[in-house]
Every structure is written in C-alpha cells, then in structure tokens.
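Take a look at the structure:
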C-alpha cells in the first residue's frame, strides 16, 4: 500500500499509512524527520522527475514491522533512468507505520 | 530454524566478523552462500568474500559491530547496526549499515548488504 501510493504520488494515501507521531531516518542524512516533513518532501520531490517506480520488491514481515528490499527506478524529465537499490525497515503499530529507516547508497544519486 | 536459532546465528556471525574468526565465518555460511552489496551491485561467493576479508581491514586497527537491532522472519533476519572502526591513524569512524540475510539448516545462505559510500571518506578519516 505504501509503495503503491508513493509510485502514484498519492500523498493522502501515504499519509494514511503513517501514525501521527511517525518518524523517518535515513542512513545518508543521519537525522530523523517528522511525518509532516516526510510528506512535504514527497510532495516537493514529485516534480523533480517524470516517474518513480518501486520494483523488485522483496518484503519480509516480523512481529512489529517489515523489511522491504527494492529497486527504485527514477525516470528524469530528460528520459534518463536511474535505478537505485534500497532497503526500508519499518515499525508498525495498530496498522500504522510509526518508524521508517531507509538504507541506500547516496553516492549513486545522479549517476547514469 | 526458529527465531531464537536465527537470532543466535546472526549474533555469532557478527561476533566472528568482529573477532576476525574467518574459520567461524566459513562454518556459519553455507557452501553456496551468496553475498550481494548495494555498493558494487553484484554478487560474490562465500570463498571470494572470505578471501578478501584481510584486505577489508587495510588501514584499520579495530572494528566493532554495535547497536545491533535484529528482527527475524520465517527464513532469515534483518540487522541494523553501527560499524565503529578505529583506524591505524587513531581516527574513529562509523558507518550505518543494514543487512538482510536468509538462513537454512543453521547456516547463512544469502546476505544482502546496504550501506552509503558517501560516508566512506569520513569513516576512513580522509577528506570530508
């Protein structure tokens, strides 16, 4: 549901997946952002490229969350494609995501 | 394997990595274990990985695998950890890494590693 919403750029549907006090941490920024900051970043990021798909999803669940391994393929306005392998670990309580932790190689940003 | 056996295998593996016990690592990895790194985008075999183990320590005095958060699933685990290193220069660095592993019959059969190359210079104490 989360990844499908992200692909569609459906911020309302993404917000529906998040608990009010949800936070997100990424290994390349090293700091936590709030739910609102995360949703703003999704909105702002949507115009930066033509399309973004979350492919090759491998999802494993554990007692209070999941880990998703996937290839995020961004199609730039120029038509250039940038595949990025990423891993997202999520904590889930009462049907909502309370914490997201994202791991990827930011050194690959912008490489063609 | 139940969740306790998987968790024990995970900790044994990282303890062995930390202690430089290549013999233990070899025992904990299946013969056909595959290791994939997001940094290189390719798979290596168990023997290729262990052969390069000493090279990975080049310039480093000590490495510890700390702050381990381990979650298990049916046939594997995900571990998030801080890799703390002390270089031979005395510089201390850290990397934040996530590994997703598959296990079978008490051994690791696949390891997928995710890290950020943009942190490597700070890790080694080079130019920021």
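Protein chains in written order, with the numbering used here: chain A, 1 to 112; chain B, 1001 to 1128.
The beta carbon of each residue, even a glycine, is placed where N, CA and C say it ideally should be.
Since this is a predicted model, take the numbers as computed values, not measurements.
Taking all protein chains shown into account, residue 109 of chain A has fewer than 16 neighbouring C-beta atoms within 10 Å of its C-beta and is therefore exposed. Going by beta carbons, residue 68 of chain A and residue 88 of chain A fall inside the 7 Å limit. At least 7 Å separates the CB of residue 1032 of chain B from every CB of chain A. Put simply, the backbone Cα of residue 6 of chain A is about 10 Å away from that of residue 43 of chain A.
Residue 105 of chain A belongs to the set of residues whose beta carbon lies under 7 Å from a beta carbon in chain B. For residue 50 of chain A, the three-state secondary structure derived from DSSP is coil.
Contact annotation for residue 61 of chain A against chain B: 1073 and 1074 [CB-CB distance below 9 Å, chain order]. In the displayed model, residue 1116 of chain B falls within coil according to three-state DSSP, outside both helix and strand.
Within the stretch 81-106 of chain A, those residues whose Cβ lies closer than 8 Å to any Cβ of chain B are, in chain order, 85, 86, 87, 89, 101, 103, 104, 105 and 106. Under the 7 Å criterion on CB atoms, residue 1117 of chain B is classed as interfacial with respect to chain A.
Taking a beta-carbon distance threshold of 7 Å, residue 40 of chain A does not count as an interface residue toward chain B.
Rounded to whole angstroms, the Cβ separation of residue 1044 of chain B and residue 107 of chain A is 19 Å, and the two are not in contact under 8 Å. According to DSSP, residue pairing for residue 70 of chain A in a beta bridge involves A:86.
Pairing residue 1097 of chain B with residue 1010 of chain B gives a Cβ-Cβ distance that is not under 7 Å. By the criterion of a C-beta distance shorter than 8 Å, residue 1091 of chain B is surrounded in its chain by 1124 and 1125, once the five residues flanking it on both sides are discounted. If you draw a straight line from the Cα of residue 83 of chain A to the Cα of residue 48 of chain A, it is about 15 Å long. Secondary structure of residue 1075 of chain B (DSSP, three-state): coil.
Inclusion of residue 1114 of chain B and residue 103 of chain A in the CB contact set at 7 Å is warranted, their separation being smaller than that value. Taking 7 Å as the threshold, the shortest C-beta distance from residue 1096 of chain B to chain A falls below it. At least 7 Å separates the beta-carbon of residue 51 of chain A from that of residue 70 of chain A.
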